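The structure appears right after this line, and notes come after that.
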Amino acid sequence: MAAIGITGGIATGKSTVSRILFERLREQLPVTAFSADLEARRLTEADFVVQEEIRSAFGDAVFDSNRKLAREKLRALVFGDVAARKTLEGILHPRIREAWVNRLRGQDLLLAEIPLLYETKAEKHFDSIIVTACSRKSQTERLTTGRSLPLEMAARIIDAQMPLEEKMHRADWVVWTDCPPPITALQIDLLTSELNKRYGGAAAS
Numbered sequence: 021m022a023a024i025g026i027t028g029g030i031a032t033g034k035s036t037v038s039r040i041l042f043e044r045l046r047e048q049l050p051v052t053a054f055s056a057d058l059e060a061r062r063l064t065e066a067d068f069v070v071q072e073e074i075r076s077a078f079g080d081a082v083f084d085s086n087r088k089l090a091r092e093k094l095r096a097l098v099f100g101d102v103a104a105r106k107t108l109e110g111i112l113h114p115r116i117r118e119a120w121v122n123r124l125r126g127q128d129l130l131l132a133e134i135p136l137l138y139e140t141k142a143e144k145h146f147d148s149i150i151v152t153a154c155s156r157k158s159q160t161e162r163l164t165t166g167r168s169l170p171l172e173m174a175a176r177i178i179d180a181q182m183p184l185e186e187k188m189h190r191a192d193w194v195v196w197t198d199c200p201p202p203i204t205a206l207q208i209d210l211l212t213s214e215l216n217k218r219y220g221g222a223a224a225s
């Protein structure tokens, strides 16, 4: 089967583009969707072993009074300390990779949204890669206004990722989301047509 990766910078519209593209593609061919962010949330909320590894690495300070992971506290910690971020990535990334690698064995076309696809050197597993992109100004506004993050935290998160320009250069396709929704939708429609032409037969092989 064929595998398509969707990546890009934070707050560039990856999830929205992935959702719409999945809806368009499944009208024409068998397709399976995967989200690394949703898998990370599942692991941190429901996997006791993962929770205990996080507790062992960072202490009770990143958990609330109900012993649930306090995401805001963990985010502030890991994006203020490179070593802490690497530790968390060491806990989560191998498990997330295992989850999407397992889906490669299926018969459907795989549409995998992986924010750190290039950073984790996962591109070799994908037949095509789509990057969502927008201006840094829009990224910052979406993080500070839409997600209520402090400006300094927004900058730290953006800077912790591979430069968006490099991701765009490596991509097979780029969806520019710094535009009105109908224009973004038009790009996705065109992309759907191209993917269907390229992989319509591969999904069943």
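To convert a position in the sequence shown, counted from 1, into my numbering, add 20.
Even for Gly, the Cβ is constructed at its ideal location relative to N, Cα and C.
None of these values were measured; they are calculated from a predicted model.
Am I right that E143 and I149 are in contact with their C-beta atoms under 8 Å? What's the rounded C-beta distance?
In the sequence shown, residue 143 corresponds to position 123, counting from 1. In the sequence shown, residue 149 corresponds to position 129, counting from 1. That pair is a contact at about 6 Å.
Per-residue DSSP class, three states only, for S55
If you number the sequence shown from 1, residue 55 lands on position 35. In this structure, S55 counts as strand in the three-state DSSP scheme.
Suppose you measure from the CA of E72 to the CA of K217; what does that come to, to the nearest Å?
Reading the sequence shown from its first residue, position 52 is the one you call residue 72. Reading the sequence shown from its first residue, position 197 is the one you call residue 217. Approximately 46 Å between the Cα atoms of the pair.
Span of the alpha helix (DSSP H) holding A81?
The residue given as residue 81 occupies position 61 in the sequence shown. Going by DSSP, A81 is part of no alpha helix (DSSP H) at all; its letter is neither H nor E.
For D198 and L210, I'd like the C-alpha separation in whole angstroms.
For this step, residue 198 is matched to residue 178 along the sequence shown. For this step, residue 210 is matched to residue 190 along the sequence shown. If you take the alpha carbons of D198 and L210, they lie about 17 Å apart.
Considering only their Cβ atoms, is the gap separating F54 from A132 smaller than 7 Å?
Residue 132 sits at position 112 when you count from the first residue of the sequence shown. Residue 54 sits at position 34 when you count from the first residue of the sequence shown. Against a cut-off of 7 Å, the Cβ pair of F54 and A132 comes out as a contact.
Distance, G28 Cα to V37 Cα
Within the sequence shown, the letter at position 17 stands for residue 37. Within the sequence shown, the letter at position 8 stands for residue 28. Distance between the alpha carbons of V37 and G28 is about 11 Å.
Would T164 and A180 qualify as a contact pair, given that the criterion is a beta-carbon distance under 7 Å?
The residue given as residue 164 occupies position 144 in the sequence shown. The residue given as residue 180 occupies position 160 in the sequence shown. No, the Cβ-Cβ distance between T164 and A180 is not below 7 Å.
Who pairs with E133 in a beta bridge, going by DSSP?
As a first step, residue 133 is located in the sequence shown; it is residue number 113 there, counting from the start. DSSP, once it has assigned bridges, lists I26, S55 as partnering E133.
Helix, strand or coil for S148? Go by DSSP, reduced to three states.
Mapped onto the sequence shown, residue 148 falls at position 128. It is a strand residue.
Considering only DSSP beta bridges, list what A153 is partnered with.
Taking the first residue of the sequence shown as position 1, residue 153 is located at position 133. W196, per the DSSP bridge assignment.
From the DSSP output, read off the bridge partner residues of L227.
With the chain running from 21 to 225 in the structure shown, residue 227 is simply not present.
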